[in-house]
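Asker: Protein chains in written order, with this note's numbering: chain V, 2 to 482; chain C, 2 to 482; chain W, 2 to 482; chain A, 2 to 482.
Beta carbons: idealized from backbone N, C-alpha and C, even for Gly.
There are 4 protein chains.
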Amino acid sequence: MKDIKSLKIAYIGGGSRGWAWTLMRDLLLERELGGEVRLYDIDYEAAKINEDLGNKVDKIARYTDDSTWDPKTGYMDEIEDHERLTMNWRFKAYEGLEDALDNVDFVFISILPGTFDEMESDVHLPEKYGIYQPVGDSTGPGGIIRALRTIPIYEGFAKAIKKMCPDAWVINYTNPMTVCTKTLYKVFPEIKAFGCCHEVFGTQKLLCKVLKEVVGIKDVKRENLVTNVVGVNHFTWITKANYGEIDLFKPYAEFAETCLNGYKDGGDKNWANASFRTKEMVKLDLFKRYGAIAAAGDRHLAEFNPGYHYLRSPEQVREGWKFDLTTVASRKDELKKRLEQSDEMYRGEKRFDVWPTGEEGVQQMRALLGMGDMVTNVNIPNYGQIPNLPIGAVVETNAAFRHNSLEPVFAGDAPIGVRSLLLRIIDEQEMLVEAGLERNLEKAFKVFVSDPLVTIPMDDARKLFDEMIENTKKYLTMYDI
Amino acid sequence: MKDIKSLKIAYIGGGSRGWAWTLMRDLLLERELGGEVRLYDIDYEAAKINEDLGNKVDKIARYTDDSTWDPKTGYMDEIEDHERLTMNWRFKAYEGLEDALDNVDFVFISILPGTFDEMESDVHLPEKYGIYQPVGDSTGPGGIIRALRTIPIYEGFAKAIKKMCPDAWVINYTNPMTVCTKTLYKVFPEIKAFGCCHEVFGTQKLLCKVLKEVVGIKDVKRENLVTNVVGVNHFTWITKANYGEIDLFKPYAEFAETCLNGYKDGGDKNWANASFRTKEMVKLDLFKRYGAIAAAGDRHLAEFNPGYHYLRSPEQVREGWKFDLTTVASRKDELKKRLEQSDEMYRGEKRFDVWPTGEEGVQQMRALLGMGDMVTNVNIPNYGQIPNLPIGAVVETNAAFRHNSLEPVFAGDAPIGVRSLLLRIIDEQEMLVEAGLERNLEKAFKVFVSDPLVTIPMDDARKLFDEMIENTKKYLTMYDI
Amino acid sequence: MKDIKSLKIAYIGGGSRGWAWTLMRDLLLERELGGEVRLYDIDYEAAKINEDLGNKVDKIARYTDDSTWDPKTGYMDEIEDHERLTMNWRFKAYEGLEDALDNVDFVFISILPGTFDEMESDVHLPEKYGIYQPVGDSTGPGGIIRALRTIPIYEGFAKAIKKMCPDAWVINYTNPMTVCTKTLYKVFPEIKAFGCCHEVFGTQKLLCKVLKEVVGIKDVKRENLVTNVVGVNHFTWITKANYGEIDLFKPYAEFAETCLNGYKDGGDKNWANASFRTKEMVKLDLFKRYGAIAAAGDRHLAEFNPGYHYLRSPEQVREGWKFDLTTVASRKDELKKRLEQSDEMYRGEKRFDVWPTGEEGVQQMRALLGMGDMVTNVNIPNYGQIPNLPIGAVVETNAAFRHNSLEPVFAGDAPIGVRSLLLRIIDEQEMLVEAGLERNLEKAFKVFVSDPLVTIPMDDARKLFDEMIENTKKYLTMYDI
Amino acid sequence: MKDIKSLKIAYIGGGSRGWAWTLMRDLLLERELGGEVRLYDIDYEAAKINEDLGNKVDKIARYTDDSTWDPKTGYMDEIEDHERLTMNWRFKAYEGLEDALDNVDFVFISILPGTFDEMESDVHLPEKYGIYQPVGDSTGPGGIIRALRTIPIYEGFAKAIKKMCPDAWVINYTNPMTVCTKTLYKVFPEIKAFGCCHEVFGTQKLLCKVLKEVVGIKDVKRENLVTNVVGVNHFTWITKANYGEIDLFKPYAEFAETCLNGYKDGGDKNWANASFRTKEMVKLDLFKRYGAIAAAGDRHLAEFNPGYHYLRSPEQVREGWKFDLTTVASRKDELKKRLEQSDEMYRGEKRFDVWPTGEEGVQQMRALLGMGDMVTNVNIPNYGQIPNLPIGAVVETNAAFRHNSLEPVFAGDAPIGVRSLLLRIIDEQEMLVEAGLERNLEKAFKVFVSDPLVTIPMDDARKLFDEMIENTKKYLTMYDI
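#1: Can you name, in chain order, every residue of its own chain whose Cβ lies under 7 angstroms from the Cβ of aspartate 374 of chain W, other than the five neighbours on each side?
#2: Between which two residues does the alpha helix (DSSP H) harbouring threonine 151 of chain C extend?
#3: Considering only the alpha carbon of each residue, which of W:Val180, W:Phe250 and W:Tyr311 lies closest to isoleucine 294 of chain W?
#4: In terms of residue numbering, what span does the beta strand (DSSP E) encompassing arginine 348 of chain C cover?
#5: Please report the distance separating the alpha-carbon of tyrosine 480 of chain C from that of threonine 140 of chain C.
#6: At which residue ranges does the region 406–450 of chain C contain complete alpha helix (DSSP H) runs of 4 or more residues, listed in the order of the chain?
#7: Check whether the region 179–187 of chain V touches the region 388–397 of chain V, counting contact only when three or more Cβ pairs, one atom from each stretch, lie closer than 8 angstroms.
#8: Here's a check: name, in chain order, each residue in its chain whose Cβ is nearer than 7 angstroms to the Cβ of glycine 36 of chain W, leaving out the five neighbours to either side.
#9: What residue range does the alpha helix (DSSP H) around leucine 285 of chain W cover?
#10: Would you report the Cα separation of glycine 362 of chain A and glutamate 33 of chain A, rounded to the nearest angstrom?
#11: With glutamate 37 of chain V as the anchor, note down where its beta strand (DSSP E) starts and where it stops.
#12: How would you list, in chain order, the residues of chain V whose beta-carbon sits under 8 angstroms from the beta-carbon of proline 307 of chain C?
#13: So which residues on chain W does glutamate 246 of chain V lean against when the C-beta distance must stay under 8 angstroms?
#14: So is asparagine 472 of chain A in contact with chain C if we call contact Cβ pairs under 7 angstroms?
#15: For valine 485 of chain V, I'd like the list of residues in its chain whose CB is within less than 8 angstroms of its CB, leaving aside the five on either flank, ordered along the chain.
#16: In this structure, how does DSSP classify lysine 241 of chain A when only helix, strand and coil are distinguished?
#17: Assign isoleucine 132 of chain A to one of three DSSP states: helix, strand, or coil.
#18: Closer than 7 angstroms by C-beta to phenylalanine 353 of chain C: which residues in its own chain qualify, once you throw out the five before and the five after it? Chain order, please.
#19: Excluding the 5 residues preceding and the 5 following arginine 223 of chain W in the sequence, name in chain order all residues of the same chain whose CB lies nearer than 7 angstroms to its CB.
#20: Return no unless some Cβ of chain W is closer than 7 angstroms to the Cβ of aspartate 461 of chain A.
#21: Considering only DSSP beta bridges, list what phenylalanine 107 of chain A is partnered with.
#22: Run down chain A in chain order and give the residues with a C-beta less than 8 angstroms from the C-beta of glutamate 431 of chain W.
#23: Since lysine 447 of chain W meets chain A, which of its residues come closer than 9 angstroms, beta carbon to beta carbon?
#24: Please name the residue in V:Leu465, V:Ser331 and V:Asp334 whose C-alpha comes closest to that of leucine 126 of chain V.
#25: Pairing CB atoms from the region 223–239 of chain V with CB atoms from the region 412–428 of chain V, are three or more of them under 8 angstroms?
#26: Would you say glycine 385 of chain W lies against chain V (beta-carbon separation less than 7 angstroms)?
#27: Looking at phenylalanine 109 of chain W and valine 379 of chain W, is the spacing between their C-beta atoms short of 7 angstroms?
#28: Can you check the region 203–253 of chain V for any alpha helix (DSSP H) of at least 4 residues that lies completely inside it and give the ranges in chain order?
#29: For threonine 184 of chain A versus isoleucine 152 of chain A, is the C-beta spacing smaller than 7 angstroms?
#30: For valine 231 of chain A, return the contacting residues in chain W, with the cut-off set at a CB-CB distance below 8 angstroms.
#31: Rounding to the nearest angstrom, what Cα-Cα distance links proline 315 of chain W and glycine 321 of chain A in this structure?
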């Protein structure tokens, strides 16, 4: 059995000030586990800084009720004093990927494929053609080009994992989530990998809100609902939801009806989405269309539908659907801020705030180490858990985490109406992974031109595609351009 | 065994001057079969006229190489003289549906649900909202409203067939083909029905043209090609096509490439499509996108794709895709012409031209009577012949006709890329039949608003839908409007 | 939300001194739940006695390390003193089934269909024809005749549950387990029922033994293994088994090899199986044949295989396979003993021993009440959790118990070699339920004559069948005999 | 297009006096085709003799109404005089397999794996253990050992075909049919192969007899029935059978009932089965058990069922089931006779009788050459034509032969009861091909010991297996023995 005090964790993208810090926070609050965390990043300096922050955490960290985190959801309940921080972990930056992976127990991956300059091209260039993308990292023109950058990188990760730590559990956070996870499995079919995403949580919290506002039951946590999840990442659907005996579909229908005439503030205040507050109008509109609960943020959901539905123009987005198109400029600003914070912390001028993030990575690790079973939603290949979607496609459903074991819970069929939308994006993603692994940009263009956001003539689509490729070619050197 | 000289055939829509005449022509050229043909029509007078024409055919009919029919395709080879016309059939108009169906061996159905005035609303009203439909009888706003008129009528047919002739073979020609066939099976699951459509033939003829122009092999008839058909009516796909050892996909790809830069005249000259000559550009564009051969006329194919692809504006249709939006006015003109001809024939002033129409109804009858096996494409429920489409949905594939037996040929999976398009239309059709049988216009609106031609905001879609219903309410009295 | 202190539980078969006492024991040790337990039994007096015992439990019960229960497995760890018994439950006998079911939260069912006299016929009559059955309650001639008695009774239960408590969770313990559960679902498809059986636990304990003896790791509890279960009740198979990183298939193969040459004492000491100690030779032989771990007692497993494999003669059973054919006489003896104990307790001459029984019913109730998730094996219809077995057949796999929710964990395909054995028994059970619900003994005979224990000519089979029916006709009055 | 007068056919096993002569007969009566027939045989001398016979056929052949062929079935109708023999074929013996295959259009394969001495061991050695096999070439101990000899040979054929004539159509006649066909597809997945067997014809003829005796309709040919075929070779089932409007299941049930009390002579008089006349009792008994029409000779059918059903003892076979256990001695005798005839013909002392054999090989060739479509039963992999049997397993169903195209007709599910029997034999065959290709006798033994004819203890089974291997090791040199 593994010594849970001497675990070996590799973090690919270990210089990140986003997801890497999130994991560090949760690890520092976990009292039973310990070991080493290997931070690998193509920006080695960034990894060094995180190494430093991690190792002097006893000197610089503090608990917090950081304003981006809503204490009312109750995570903080039992955390009262400084002693709750554990010093069980040693952090170490690595220059080589294979060294970092050598014989580890867990691999976390969260990378930015390219830089925000490439993402700027992904997201904003299509606006020239009237194509608006609120996120642009999962699907649509932006998600497709980003996938082309990402697939060869993940091909490399899969090969390195196969060589250095074939038995490790691999947890992916990077977008495009489905494409990343699929690439790992395609290159190394025996990999023990899953993709992990908090988007469903936001909808579960919305259901708690519905429970409060429509049914009159307060203070229920999302973990206490029972939901059945069917779909692909960022286009996930809840097909059953109950709180004990209460079926949540009826009150949700009532809530949807009310909100779509007028609206109420709703939803998710998780850190990663904080500046992206939505009014959930897309979600409710989708419910009205299809009778199932779309379970991701509106900004994501909108991108999987025909462009003329939710993304006709910035005005329609803002006034009709009440959400914002996240600019890459704002992402750059936020990154700058986090880098400054990082520097201040590094120089000892600022505390490293620690709180329970609400992410599930550490809980999943615990379950995989045999410390309590867990049922939650993850992204893995479809073995049949959704019988009416293609076998092998990476799908998001509930799964049972047990000791060194991850098995999907049977999720049932995707509902009529929704299933063709899911099949479409699955085909897009399957063909995109093929295109990426074959380094075949023509095949990628076939995917591009059929994406529902690409509502422009084929010739224009060609021009746009070529320009987007050209713009980001620094990170596409593995293709023959 | 049935006495093939004393068959009983019911023709629902027996006053029609289109499909009814077509069947009459082929029956009059068939030498071995005979019996009675019962013509039922809500326009009894029209049925009477056809009765009269049919019964005095020996006096008024003549062979012809009618200009709408291309003698080069060779059907006429063996027909040389007047004696080839058989006088084996008695025609009789019926006022009551059940009387007409009583104990018959075959039922043919070709009706116009409503009149061309309703069709005018179906096809042209959506143009106010920028929605253009080249046919408007199968899908899109027009096809959906037409389906709502049709389903209750077909519910009645199914019940009458169940009561009066449960063992009869039922051959449907009416559009929306899939919805009609599905309704028959849903109301009377043991029915021996299939939907019959000549659209695939046109694409087979196009393949003959490719064979001639690209490969250099002339004078091949469409019947001599071997094709594998997968899909739903009017959105059918050929996934394998060969002429002996020659795989036709390669020359087709070459042909597509050439035509899409420049174009060539092509295709089908069947009577029903005569005024609708197309340049096959949509078909070739779909091939380029998905790598499979779309096998219906461009006017139909265009309607199953997002509106912005092929139906952005009349100009795009005409100049970009080289086909015409068929106006209902032109249909009315043509009908008027046929009625005039009918009158002239009735008064003995004009001959009733007879030639082999190229339709397969009579050949299928022969096969079902045990007079030679036949493999051709038909519309029946999916028992598994297309494994990756839903069981029970009405699909179009090849089937083996044998003595009193119709079994689908295993067709294989719908190809990646295409399968989600097929699943979408299948869901539309399945939900539409439910909506029609439940008389549920709200469910029908859900289908309407998700149709890919409905690229307008939901509020506008509602207005359009309501107006289209209002316009045609004379034929929607079974709904609660 | 349900008030967990005021639950309403119906126990059908509530006069039983076997499973009813087991549940009572576990309820009395459960500290958080409470409410009323309604004991319904066709033997109302027996139910009255259990009512009395249950209600005076504070006066008569005591903890025990009863000799049939092995303290080393550690369930007793935290139970130290008398105060651990809870007085949260009121027991009450009911004369009417519907009254007992009225609006309850949970229904437990454990009945004996007929008496041990009928079971004597089931088990021993076939011996005349050289057919030996170690249990005779699940399959084989005995199981089939028992099923015929049981199905109409369960039809009645299903109807009463539908009428009186359609939202209750229904937990079945009666054999033939699959047939009972299937009948419930067939009669009332929306029922929230599952069948519950401890047979897999014994094999899990055997795997713990293997872990100790082959790998050298001691003191692992069965709950700490991770197993994947595939099959039907009493013919269940473990297709994956690991203890953390250790794959248990390799050491199991080694263990099997050693035992099959020579043998070791093994297995399950659960009360219900105490007198039935086996040497696990059948289980190991099946592993050698098929490469998967059969997961039930040898006495059960033997009955699902051709008679000449494990049940050729009493000598072969005893000397070749090292297990005993349980006589119904011994069952009668044991019942007599339990009835005497019951009387002594009733008269206050004997204590009612209470200990944690190792059964999971109360834990499952807790999970369904939202008090902690649980993954364990149950019997429910196949929705696709075993893709290569028929949809709708009742199968045994893992399932996730959550708040008012039970969903199968995806189990994967039954392995090659084993799948046809499973399909055979599934067909037997499906047809048997049809035969029972249709009251069709001819259909039942078709099942009978194809059972693999029925290795006799068809004429003899007919005689045996008729005699077995005749012998038990007192409990087959619903059939036309 | 192929020149149908210059076809190239390779015949593997071309020295055979059985199937090779059969094909020669049908080719000599075929008026439109012609070309060269390459006779390859490991016994080159035998091939030379057939070459000689084939080439001088104009001198030595004559039409005949050979007594083994029943003229009443009417095949001979139009054959009246000597001129009907065509001299369109040149025959030539080849010493090298690859030379024979070089660029051919068709490959026929009918070989005897080993000699009748090996077959003697296959069939008769198991009798020592009370295991009786009426044929012993498809399943059971004999079929299994034969398969082990055959698989490596077919592996060689598949490789040679892949190299020399990858586009040829390959028609297999050798038993074990399923194993041979599966081996071809496993080694060369793109092969255009199918297995061809006349066993179903016999049952179709029996249905004609039923039509005559029960319904009173005479003189119907088997080709005029419509049957749906589901299963694996020699264990095929007819699940629908009609003659026009007449469903044949009802009269068949009546026939079965009558025959099973008393019996009537029935069935197949095809040359290959002539000396093996059966009374069809097994077939009728299987109908009574399962409600579907088993469609092969009783001698074959019996072998796929538990040994105690139909093969308990030679007496039971003879008196209870009215068929004979074919001895290999009788096969040797018959071979001797055919060799003598061959010599006489070679020396010009005897005529080579030619008649239409009733086999379909030449008709299938014609259909594949585009000379008329054909629907008949063949053995090919399951693509989904039988949805409830494993994909990829070689199954027997109807298929549509068209120009250079062979596609299965959708056959539907194997019926309940029968499907587990089919799945068992499929698993046996799949594992056997694996065992053969891996040269793994231990895996083969696992199959052997689970065969339903092997009703003996495992130790005895081991002894028998080892002895059968030892006996035939001359033809098992590719295994490590």
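Answerer: For this structure:
#1: Ala368, Ala401, Phe402 and Arg403
#2: 141–165
#3: W:Phe250
#4: Going by DSSP, arginine 348 of chain C is part of no beta strand (DSSP E) at all; its letter is neither H nor E.
#5: 20 angstroms
#6: 419–438
#7: Result yes; three or more Cβ-Cβ pairs closer than 8 angstroms.
#8: Correct list, in chain order: Lys6, Ser7, Leu8, Lys9, Ile10 and Trp90.
#9: Judged by DSSP secondary structure, leucine 285 of chain W falls within the alpha helix (DSSP H) whose first and last residues are 282–291.
#10: Taking the straight line joining both Cα atoms gives about 15 angstroms.
#11: 36–41
#12: Pro307, Pro453 and Thr456
#13: Chain W residues near glutamate 246 of chain V: Met2, Lys3, Asp168 and Asn405.
#14: Chain C, which has no Cβ nearer than 7 angstroms to the Cβ of asparagine 472 of chain A, makes this no.
#15: The requested residue 485 of chain V does not occur in the structure, where chain V is confined to residues 2 to 482.
#16: In the three-state DSSP reduction, lysine 241 of chain A falls in the strand class (E or B).
#17: coil
#18: Counting only Cβ-Cβ distances below 7 angstroms, and skipping sequence neighbours, we find Leu54, Val58, Ile61, Ala62 and Met346.
#19: Phe202, Gln205, Lys206 and Cys209
#20: no
#21: A:Ile10 and A:Trp170.
#22: Ile417
#23: Lys289, Arg290, Tyr291, Gly292 and Gly418
#24: With distances taken between Cα atoms, leucine 126 of chain V lies closest to V:Leu465.
#25: yes
#26: yes
#27: In this structure, the beta-carbon distance from valine 379 of chain W to phenylalanine 109 of chain W does not fall below 7 angstroms.
#28: none
#29: Taking 7 angstroms as the cut-off, the Cβ atoms of threonine 184 of chain A and isoleucine 152 of chain A count as close.
#30: Listed by position along chain W, the residues whose Cβ is nearer than 8 angstroms to that of valine 231 of chain A form an empty set, because the closest Cβ is around 15 angstroms away.
#31: 29 angstroms
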